[in-house]
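Visitor:
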Amino acid sequence: MATPASTTDPGPRLRVQVVDPSAFGPNYDHQLCGALARAGAEVELVTGPFGYGSVPREPGYAVREPFYRLAARAPAGSRAGRIAKLAEHVPEMLAWRRGARRADLVHVQWLPIQGLDPLLLPRDVPVVFTAHELMPREPSPAGDWGRRRLYERADAVVVHTESGRERLVSELGVPAERVEVIPHGAFDYLVGQPGERPLPPELAAVEGKVVLCLGVWRPYHGIDVLLRAWEGVEDAELWVVGLPKMPTGELERLAARSPNVRLVPRFITDPELPAWFRRADLVVMPYRHIEASGVLFSVLPFGRALLATDVGAFADIGRQGGAELVPPEDPAALHDALVRLLADDAARERLGAAAGRLARHEYAWDTIGEQTVDLYRRVIARRAAR
């Protein structure tokens, strides 16, 4: 369970830097910074430009974007942008490290060069690292070494699930006293946004039930498993929506086997998300493995029925009644669950109501902010004692 917030005198206001050089998780960054500010910290988010649209900011904290200003001029995801980013990375990390001395603590969210970045972290202030993924998405000797070195270097490691904590301690050898379970918060700002955008007309015209699989397309997301599981499902459409980060040939081949599948290969911006979630009768997340999913915590506040694999944060949500769970990489079990839930309106209603309650309570950002500030104070005290 997450450590409860301290009820003792909070002491002086903490100066905290939250760091995400590549803006890998801008929604999470801004929601966390707002929650930390409400919990009494003086917060500065240090990041880079986000190339896929605007991200709403919370009040109460400062934002600097000193990273990758040249790379930002190139098209998002382009080769020219990647080359510029590599050229800028080390000098800008070193400049940030010098400025980090102004903070009482640095909280790192993501680091883009796993094999190098642990060597570039500041040494004269405490460092907390959030393990959004326990090991790099793309395994490599340098990346694996760097992530292990980062765990050794960090004064504390935040992980979002109890299963993640167990793996960090038992498999990766991180001392238990340096691992803290703090949940990922629900992105409730998505509900009631100004300027929400409707579905494209051809999708708004669809009648009948819709199953939605939304998010960036990566191999570990298990979209191929879902498409195999979908064969033979009738009286509903499957919409697979997201920005491809993998070759799509196999997905297109599998989708062609069923007449009621639509592939929508593009990034969906925040103002568009509500229309997609509200139209879905069932949201499915067939991941092979995951620690925490931004899409999961985006859909929770909309109170939609969830069907997911029994991994990471999905497992935690399922154990609290907010999702139906199936084993990963099991098309037969996923097929059966799809058919059963599409036929059971009451079951979908129960799952959606439980998901909405979890978003308002267990996964509320104010609780997470208080837990995180309490961790900061304990980390600073431990280092001072050493």
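For the sequence shown, the positions run 955 to 1340 when the numbering used here is used.
Using N, Cα and C, we set each Cβ at its ideal position, and we do this for glycine too.
Taking 8 Å as the threshold, find out whether the region 1154-1163 comes into contact with the region 1260-1267 through three or more Cβ pairs.
Guide: Pairwise C-beta distances place the region 1154-1163 out of contact with the region 1260-1267, as fewer than three of them are shorter than 8 Å.
Visitor: Got a sec? Which residues, its chain only, sit under 6 Å from alanine 1308 by beta carbon, not counting five neighbours each side?
Guide: Reading the sequence shown from its first residue, position 354 is the one you call residue 1308. Gly1275, Gly1276, listed in sequence order.
Visitor: Is glutamine 1063 helix, strand or coil when you go by DSSP?
Guide: Position 109 of the sequence shown, counting from 1, holds the residue named residue 1063. Three-state DSSP puts glutamine 1063 in coil, outside helix and strand.
Visitor: For valine 1215, which residues from the same chain have a beta carbon less than 6 Å from its beta carbon, with the 5 sequence-adjacent residues on both sides left out?
Guide: Residue mapping note: residue 1215 aligns to position 261 of the sequence shown, counting from 1. Around valine 1215: Leu1192, Ala1209.
Visitor: Would you list, in sequence order, the uninterrupted beta strand (DSSP E) runs of no fewer than 3 residues that lie entirely inside the region 958-1044?
Guide: 969-974, 996-1001, 1016-1018
Visitor: Among Leu1296, Thr1321, Phe1083, Phe1251, whose alpha-carbon lies nearest the alpha-carbon of glutamate 1106?
Guide: Your numbering for residue 1106 matches position 152 in the sequence shown. Per the Cα distances, Phe1083.
Visitor: State buried or exposed for threonine 1115, treating a residue as buried only when at least 16 other CB atoms are found within 10 Å of its CB.
Guide: For this step, residue 1115 is matched to residue 161 along the sequence shown. So threonine 1115 ends up on the buried side.
Visitor: Alpha carbons only, please: which of Thr1321, Asp1235, Ile1244 is nearest the one belonging to valine 1293?
Guide: Start at 1 with the first residue of the sequence shown, and residue 1293 comes out as number 339. Checking every option, the nearest Cα to that of valine 1293 belongs to Asp1235.
Visitor: Determine the direct distance from the alpha carbon of glycine 1035 to that of glutamine 1147, and round the result to whole angstroms.
Guide: As a working note, residue 1147 is residue 193 in the sequence shown. As a working note, residue 1035 is residue 81 in the sequence shown. Those two C-alpha atoms are separated by around 31 Å.
Visitor: Between the Cα of phenylalanine 1251 and those of Val973, Gln985, Arg967, Pro975, spot the shortest distance and give me the residue it belongs to.
Guide: Working through the sequence shown from its first residue, we reach residue 1251 at position 297. Nearest option by C-alpha distance: Gln985.
Visitor: Buried or exposed: which applies to valine 1333, given that a residue is buried once 16 or more other Cβ atoms fall within 10 Å of its Cβ?
Guide: On the sequence shown, position 379 is the one that residue 1333 refers to. With 16 or more other Cβ atoms within 10 Å, it is buried.
Visitor: Determine whether the beta carbon atoms of glycine 1257 and glycine 1186 lie at a separation below 7 Å.
Guide: As a position in the sequence shown, residue 1257 is number 303, starting the count at 1. As a position in the sequence shown, residue 1186 is number 232, starting the count at 1. It is not a contact, given that the beta carbons lie outside the stated cut-off.
Visitor: Residue range of the alpha helix (DSSP H) that glutamate 1324 falls in?
Guide: Position 370 of the sequence shown, counted from the first residue, corresponds to residue 1324. That run of the alpha helix (DSSP H) goes 1319-1339.
Visitor: In chain order, what residues of the same chain lie with their CB nearer than 8 Å to the CB of valine 1044, ignoring the 5 residues before and after it?
Guide: Mapped onto the sequence shown, residue 1044 falls at position 90. Correct list, in chain order: Leu1070, Leu1074.
Visitor: Quick test of your reading: aspartate 1109 and valine 1081, contact by CB under 8 Å. State the CB separation rounded to the nearest angstrom.
Guide: What you label residue 1109 is simply residue 155 of the sequence shown in a count that begins at 1. What you label residue 1081 is simply residue 127 of the sequence shown in a count that begins at 1. The pair is a contact, with the Cβ atoms about 6 Å apart (cut-off 8 Å).
Visitor: Leaving out five residues on either side along the sequence, give the residues of the same chain with a beta carbon under 6 Å from the beta carbon of glutamate 998.
Guide: Reading the sequence shown from its first residue, position 44 is the one you call residue 998. So the list reads Gln971, Ala1016, once near-sequence residues are dropped.
Visitor: Taking contact to mean 3 or more Cβ pairs, one atom from each stretch, closer than 8 Å, check whether the region 976-996 and the region 1007-1024 are in contact.
Guide: yes
Visitor: Do you know whose CA, among Arg1233, Pro975, Val1165, Ser1117, lies nearest valine 1062's CA?
Guide: Within the sequence shown, numbered from 1, the residue matching residue 1062 stands at position 108. Out of Arg1233, Pro975, Val1165, Ser1117, Pro975 has the C-alpha closest to the C-alpha of valine 1062.
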